[in-house]
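Per this note's numbering, numbering through the sequence shown is continuous, rising by one, with the last residue being 504. What follows is one structure encoded as structure tokens, with my remarks underneath.
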Amino acid sequence: MERLAGRVILLWGWQRRLAAVFAGAVAALGLAPVDFPAAGFIAFPMLVWLLDGAVGTGGRASQFLSAFATGWWFGFGYFLAGLWWIGAAFIGPQGAAEWALPLAVLGVPAVLALFHGLAALAARLLWSGGAGRIAALAFGFGAAEWLRAMLSPGLAWNVVGFVAMPVPLFMQAAQLVGVFGVTSLAVYVFSAPALLAAGRGARLGLGLAVLLSAAFFGYGYLNLATAPQPERFAPIRIVQAGARDGDFEQVFAAYRTLTAAPGPDGASPRLILWPELAIPAVLADRPDILAALGETLGEGEVLLAGAMRDEEGEAGARRLYDSVVVVESSGAIADAADMVHFPPSTIFLKRPAGIEAEVPQPFSGGNGGDLLSLPEEMTAIPLIGSEAVVPGIAAVTEGRADLIVNPADFSRFTGTPGPGQYLRHAQLRAVEAGLPLLLATPDGISAAVDARGRIIDAFSAGRGVLDVSLPLERSYFFERENFVMGDIKQRGLTFVIFFGMLTLLLNIRGRSN
């Protein structure tokens, strides 16, 4: 191990940059669809050793610039390997512009990598020769990922903590410390093997890694093992009509046919969910569509359909919203909610494939915070489009809710890792909020997820329906009313700061020895 560490530390020039890119790409193997978190035990020790060798040639400023560059190259490899699929939005007849393909595939990773550069820089400012530097790296990544999400919530795609959360057992800790806290914990544990290359602080650092891992897995096991048997269920149907190819009348007819199809054992669903902008029109202005929906829905059934909503803004300007609309069996609109967050990293999703002619202007952001009223006194938190990327978005909504509904559209990315990665984000939002979640897309992946992030059932690419009896229990190991430590983002930041304090304590201990 010492020999390997020495070779990595002494790398220089293009070899150092290539090693950093390689380490970042290896770390991305922990993301969907590969889901190989053990890759972190290769990637992060390499990063530690690369930062050990980030000495520069012109004083401390050069040293810190070298550390930033090392982190940037690591981040570039991580995001390039994890987000190359965004280029699919620029290819084909629905592509925005094929000439922009290199800019998207290389430019987005280059921008997001700046935050990993900042993570490495923050760690290098607190660097030491022992276990303190492992804690410093954990603090740096937790703080940088928190900053990434705070600057723009949609920038939080594939936060490093996701490398450690491929299955629900590993996701449960996010309910306590959020994705940023899990990020710091994961980076510390992944980086700990680097201590095997040097005796100083190895026993303490590795012991703490084992302790943190035990707490991480222990909480996950307890939260899953102590789950009570749910007492309330809601029969729901998610409708997936396939890609948006064809005109609206054909697609609309497919949605109606699938919606009206008999359910299992002849049972009728209470809730029916259609994807984002399944109806690419202002529904309130289309009484013909509302009448058709009323004819399609059975008695007592309620449809949650992705559609558009408009209102008059300042100086008579029209404001257009990407919305989810609740339609009753009478054909009346009962409620609606609007999309709030339009992530810059997926900005092209503002105008989903195949409906550009129907959208005369960019969508406006809604106010957010509203719950959808559903039958039998149920309420739902609406997440529209790619809003499930936003950390803690459902966990801080005021008022008691029974479930989360997420009509989305990733049909441009069918066959790429994109839909699978988004499903992972949706699972984590369910865990954070302790609520079941319904995800509906036009062409996969549609899914029903329980309150602990476990997939009840899912539907991949193609046309069909997903009929599920959704358990409506809330999942909290600690009751929310008695667990008052601020919202989940604040708890996550508190845990990140813990690693900053741990760094200082370990550095002081190292100097005293």
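All C-beta atoms in this analysis are idealised placements derived from N, C-alpha and C, irrespective of residue type, glycine included. Here the structure is a predicted model, which means the values were calculated and not measured.
Asked, Found
"Cα-Cα separation between V440 and V459, rounded to whole angstroms", "10 Å"
"Within 8 Å, strictly: CB atoms of L430 and A442", "no"
"Residue nearest to N214 in terms of C-alpha spacing, selected from L262, A165, R415 and V12", "A165"
"CB of W40 within 8 Å of CB of T407, strictly", "no"
"Endpoints, the beta strand (DSSP E) within which D238 is located", "Careful: D238 lies outside any beta strand (DSSP E) and carries neither H nor E."
"Spatial distance of A10 from G133 (CA atoms)", "23 Å"
"The segment 351 to 369 touching the segment 319 to 333, judged by at least three CB pairs closer than 8 Å", "yes"
"L519, enclosing alpha helix (DSSP H) - first and last residue", "Given a span of -8 to 504 for the chain in the structure shown, any question on residue 519 remains unanswerable."
"Where the beta strand (DSSP E) containing T370 begins and where it ends", "T370 to P373"
"Residues of its chain near I499, where Cβ-Cβ distance is below 6 Å and the 5 sequence neighbours each way are ignored", "none"
"Under 8 Å between C-beta atoms of A399 and P266", "yes"
"Rounded straight-line distance, which links the Cα of L288 to that of L197", "59 Å"
"Straight-line gap, R445 to P159 (C-alpha atoms, nearest Å)", "6 Å"
"Distance, A140 Cα to A506 Cα", "Since the first residue of the chain shown is -8 and the last is 504, residue 506 is not available in this structure."
"Same chain, Cβ closer than 7 Å to V380, five either side skipped, listed in chain order", "G145, A147, W148, P334 and H416"
"Sequence-distant residues of its chain with Cβ nearer than 7 Å to A101 (five each side left out)", "F67"
"Selection from T405, P462 and L463 that minimises the alpha carbon distance to G435", "T405"
"Same chain, Cβ closer than 6 Å to L484, neighbours up to 5 away in sequence not counted", "W137"
"Where the alpha helix (DSSP H) containing M141 begins and where it ends", "G123 to L142"
"Candidates R(-6), L428, F13 and Y179, of which the one nearest G121 by Cα", "Y179"
"Separation of A323 from A283, as counted between CA atoms", "11 Å"
"Entirely enclosed alpha helix (DSSP H) segments - the segment 174 to 213, minimum 4 residues", "none"
"Whole-Å CB distance - L365 paired with L262, under 8 Å assumed", "7 Å"
"Extent of the continuous beta strand (DSSP E) run through F59", "F59 -> not in any beta strand (DSSP E); alpha helix (DSSP H) instead, spanning R51 to L74."
"G378 versus L195 - alpha carbon distance", "Looking at the sequence itself, residue 378 is Glu, so the reference to Gly does not match. In a straight line, the C-alpha of E378 is about 41 Å away from that of L195."
"For I479, the residue or residues it bridges with in DSSP", "Bridge partners of I479: none, in fact."
"Whole-Å CB distance - A45 paired with T61, under 8 Å assumed", "5 Å"
"Within 8 Å, strictly: CB atoms of G172 and V487", "yes"
"Pairwise C-alpha distance: V150 and I280", "41 Å"
"Nonlocal neighbours in the same chain, by C-beta distance under 8 Å from F55, ignoring five residues either side", "G47, L112, R115 and L116"
"Member of P157, A185, F181 and F153 whose CA lies at the smallest distance from the CA of V170", "F153"
"Secondary structure of F354, DSSP reduced to three states", "coil"
"As assigned by DSSP and simplified to three states, the class of P260", "coil"
"CA-to-CA distance, A200 to D313, given in whole angstroms", "45 Å"
"Between the CA atoms of S437 and L97 - distance to the nearest angstrom", "29 Å"
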